[in-house]
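Colleague: Under the working numbering, the sequence shown has 41 at position 56, and the numbering climbs by one with no breaks. A virtual CB, placed ideally from N, CA and C, is assigned to each residue, including glycine. Predicted model, so just to flag it, every value in this text is computed and none were measured. Below: one structure in structure tokens.
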Amino acid sequence: MNIQCDKCNKEFSISSIDTEDEQLLSNNVTRYYISCPSCGEQYTSYFLDDSMSEIQQEIRRLKNKQELTTKQKNKLMRLTQSITSMNMEYMNTYKDILQDNA
Ligand SMILES: [Zn+2]
């Protein structure tokens, strides 16, 4: 997957970046992000807090199962959705701070 940097307009592939950097924000929230190899502009991948890592663990546990019951499938879907919406909330919460840092 390629993304184009908003700042320097250079394209780079996400897979060419080995590790995501992390930044500890307030309230035990960690922001994971990648940086443009050319200009260093930062792009947030996702946020993680304590309750989110618990949900992530549960998601991983369910995904490792060979076969899921309908109930488990629904649970997996619900958990995935809540992670997504929590991420979007954090994106909104920290939008202004992150732009100031850029
Ligand atoms: Zn760039």
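Which one of F32, Q57, K48 has the shortest CA to CA distance from T69?
Modeller: Sequence index remark: in the sequence shown, residue 69 carries index 84 (1-based). Considering only alpha carbons, the answer is F32.
Colleague: In angstroms with no decimal places, state the Cα-to-Cα distance between K(-5) and P22.
Modeller: Here residue -5 corresponds to residue number 10 of the sequence shown, with the count starting at 1. Here residue 22 corresponds to residue number 37 of the sequence shown, with the count starting at 1. So the two alpha carbons sit approximately 9 Å from each other.
Colleague: On a Cα-Cα basis, can you pick out the residue from V14, L83, M(-14) that is closest to S1?
Modeller: Counting from one through the sequence shown, the residue named residue 1 turns up at place 16. Minimum Cα distance to S1 is reached at M(-14).
Colleague: Spell out the partners DSSP gives E7 in its beta bridges.
Modeller: Position 22 of the sequence shown, counted from the start, is the residue given in the question as residue 7. Y17.
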